[in-house]
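Notes to accompany the following structure.
Number of protein chains: 4
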Amino acid sequence: MSDLEALTVRYQRFSAERDWEQFHDPRSLILALMGEVGELAELYQWRDKEAELQADPASQLHQRSAEELADVLLYLIRLADVLGIDPVSAANRKLDVAEERFPVDQYLGQAPDKT
Amino acid sequence: MSDLEALTVRYQRFSAERDWEQFHDPRSLILALMGEVGELAELYQWRDKEAELQADPASQLHQRSAEELADVLLYLIRLADVLGIDPVSAANRKLDVAEERFPVDQYLGQAPDKT
Amino acid sequence: MSDLEALTVRYQRFSAERDWEQFHDPRSLILALMGEVGELAELYQWRDKEAELQADPASQLHQRSAEELADVLLYLIRLADVLGIDPVSAANRKLDVAEERFPVDQYLGQAPDKT
Amino acid sequence: MSDLEALTVRYQRFSAERDWEQFHDPRSLILALMGEVGELAELYQWRDKEAELQADPASQLHQRSAEELADVLLYLIRLADVLGIDPVSAANRKLDVAEERFPVDQYLGQAPDKT
Chain A
91 MSDLEALTVR YQRFSAERDW EQFHDPRSLI LALMGEVGEL AELYQWRDKE
141 AELQADPASQ LHQRSAEELA DVLLYLIRLA DVLGIDPVSA ANRKLDVAEE
191 RFPVDQYLGQ APDKT
Chain B
91 MSDLEALTVR YQRFSAERDW EQFHDPRSLI LALMGEVGEL AELYQWRDKE
141 AELQADPASQ LHQRSAEELA DVLLYLIRLA DVLGIDPVSA ANRKLDVAEE
191 RFPVDQYLGQ APDKT
Chain C
91 MSDLEALTVR YQRFSAERDW EQFHDPRSLI LALMGEVGEL AELYQWRDKE
141 AELQADPASQ LHQRSAEELA DVLLYLIRLA DVLGIDPVSA ANRKLDVAEE
191 RFPVDQYLGQ APDKT
Chain D
91 MSDLEALTVR YQRFSAERDW EQFHDPRSLI LALMGEVGEL AELYQWRDKE
141 AELQADPASQ LHQRSAEELA DVLLYLIRLA DVLGIDPVSA ANRKLDVAEE
191 RFPVDQYLGQ APDKT
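Quick mapping for you: the protein sequence lines, in order, are chains A, B, C and D.
In terms of our numbering, the first sequence opens at residue 91 and continues consecutively.
In terms of our numbering, the second sequence opens at residue 91 and continues consecutively.
In terms of our numbering, the third sequence opens at residue 91 and continues consecutively.
In terms of our numbering, the fourth sequence opens at residue 91 and continues consecutively.
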């Protein structure tokens, strides 16, 4: 079992022990995920590029980032678990597609345009 | 190397080959993460609880959920990588805290109140 | 001047007096907006449909919803102001389009599918 | 009636004519709001501060920003309407609080810290 699978199983057990599985339908988990993404966004909302890149691992910003990132990951793997999706396999399939879609010579130094 | 670490390294290489590392500062990645969370939310915005729980693995909803979930995971591990954070360790630390904070006997069947 | 324009001007003055205009570039405001949408999502993440519809105007949920809704609106009109966009005109143009795109007889009781 | 109230009433009628009121519970509208905030975030995810400030009103970025901003506003006022909240009054109350909480002399040029 990989470390991410172990985390998924740990969270499953945590939820089952508290009878919280009843709350973990997809819509509720997506709303919860948004709450955590919002907290991550708040950490960086007023910081310029320089400040954020100099972030010291011992700094409060680094610690808080790790905590919010962890919360996002937890709701994400719980959602994947509830939906019966293997998130790492799905992500590898997306990278397979991205490698085809964005050939190195054509996209070198060019961010894909979303406008 | 775990499967999540392998995915992180694969995405690192993908970014380096295209000289896209210059775009991957924390704020940009958080905005990109929001874009993908928004696509996930759109899949479920008008569905009631029943519909979403009956989701068939072969259904279009299941396929699309896997793709959007994958996109969220990819930007999340890229952000963790850029910030020098191990997301699985951070998530395990959060579950350590949650187990203490929400004792089974006190929170049985009770969602923590956010009001 | 409409009440929304008055609010926009009030927020402009609030920002100028504190020399906060320097922080109010589009990306920063979108991150701030995400933070507030996240707080709104947290209020409803574990509530089922019944509970939320019975929400009493005097309840804490109603009060908190009003506060978070207000925060979203404030960052939204600040963003519109910084970008030189009239949000109400833009919204009326979107409804013009939506009325054409979703004819009553074809979409009666049918949510547009996002899958 | 203010222009924002007129927009709210127009959206009410649009929803009633299509029998879409049944979809417009708070959680569904927050998920829809997230979808639109995500589209707004995508427009700016890979742009640096310079590019975005030079945005020409005739540019595609400006047009797209107006459209996404409009979508966010529409779901926001629909949510306010469903919850029985006057968003402009609520926002003015928030600015009353913010003016007290962030005195000019203490916060001049200082973004409030969210770390």
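By construction, the Cβ of each residue, glycine as well, lies at the ideal position given by its N, Cα and C atoms.
At a cut-off of 8 angstroms between C-beta atoms, Tyr197 (chain B) does not count as an interface residue with respect to chain D. Relative to the Cα of Val172 (chain A), the nearest Cα in the group B:Leu169, B:Ser155, B:Val187, B:Ala170 belongs to B:Ser155. Arg108 (chain A) has a beta carbon lying at 8 angstroms or more from every beta carbon in chain D. Counting C-beta pairs with one atom in each stretch, the stretch 196-205 of chain B and the stretch 182-191 of chain A have fewer than three that are closer than 8 angstroms, which means they do not touch. Linking Leu97 (chain B) to Phe104 (chain B) through their CA atoms gives a straight-line distance of about 10 angstroms. For the set C:Ala122, C:Gly128, C:Pro177, the Cα lying nearest the Cα of Gln153 (chain D) is the one of C:Pro177.
Per the coordinates, the alpha-carbon of Leu130 (chain D) lies some 8 angstroms from the alpha-carbon of Ile120 (chain C). If you draw a straight line from the Cα of Leu164 (chain D) to the Cα of Glu126 (chain B), it comes to about 21 angstroms.
Collapsing the DSSP output to three states places Asp109 (chain A) in coil. Taking the Cα of Asp161 (chain D) as reference, the smallest distance to any Cα among D:Trp136, D:Ala122, D:Ala180 is reached at D:Ala122. Rounded to whole angstroms, the gap between the alpha carbons of Lys184 (chain D) and Leu159 (chain C) is 10 angstroms.
Judged by DSSP in its simplified three-state form, His114 (chain C) adopts coil rather than helix or strand. In the structure shown, the three-state DSSP call for Leu119 (chain A) is helix. DSSP, reduced to helix, strand and coil, places Ala180 (chain D) within a helical segment of the structure shown. Counting only residues of its own chain and dropping the five nearest sequence neighbours on each side, Ile167 (chain B) has a CB closer than 8 angstroms to the CB of Leu94, Leu97, Thr98, Tyr101, Pro177.
Under the 8 angstroms criterion on CB atoms, Gly174 (chain B) is classed as non-interfacial with respect to chain D. Straight through space, the alpha carbons of Glu107 (chain D) and His114 (chain A) are spaced by roughly 34 angstroms.
Pairing Gln135 (chain C) with Ser118 (chain A) gives a Cβ-Cβ distance under 8 angstroms. When DSSP states are grouped into helix, strand and coil, Gln135 (chain B) belongs to the coil group. For Ser155 (chain A), the enclosing alpha helix (DSSP H) starts and ends at 150-173. Taking 8 angstroms as the upper bound for CB-CB distance, Gly174 (chain A) and Pro116 (chain B) are not in contact here, some 32 angstroms apart. With its beta carbon at least 8 angstroms from every one in chain A, Ser149 (chain B) lies outside the interface.
For Arg117 (chain A), the nearest CB of chain D lies under 8 angstroms from its own CB, placing it at the interface with that chain. Comparing alpha-carbon positions, the option among D:Gly128, D:Leu169, D:Arg137 lying closest to Glu111 (chain D) turns out to be D:Leu169. Our two residues, Met91 (chain A) and Met124 (chain B), have alpha carbons roughly 30 angstroms apart in a direct line. Here DSSP, grouped into helix, strand and coil, assigns Gln196 (chain B) to helix.
Between Asp186 (chain B) and the set A:Glu157, A:Gly128, A:Arg137, the nearest pair of CA atoms involves A:Glu157. When DSSP states are grouped into helix, strand and coil, Ala188 (chain D) belongs to the helix group. Contact note: Arg100 (chain B) reaches chain A through Asn182, Leu185, using a C-beta cutoff of 8 angstroms and chain order. Spatial neighbours of Leu133 (chain C) in its own chain (CB-CB distance under 7 angstroms, excluding positions within 5 residues in sequence) are listed in chain order as Leu151, Arg154, Ser155, Glu158.
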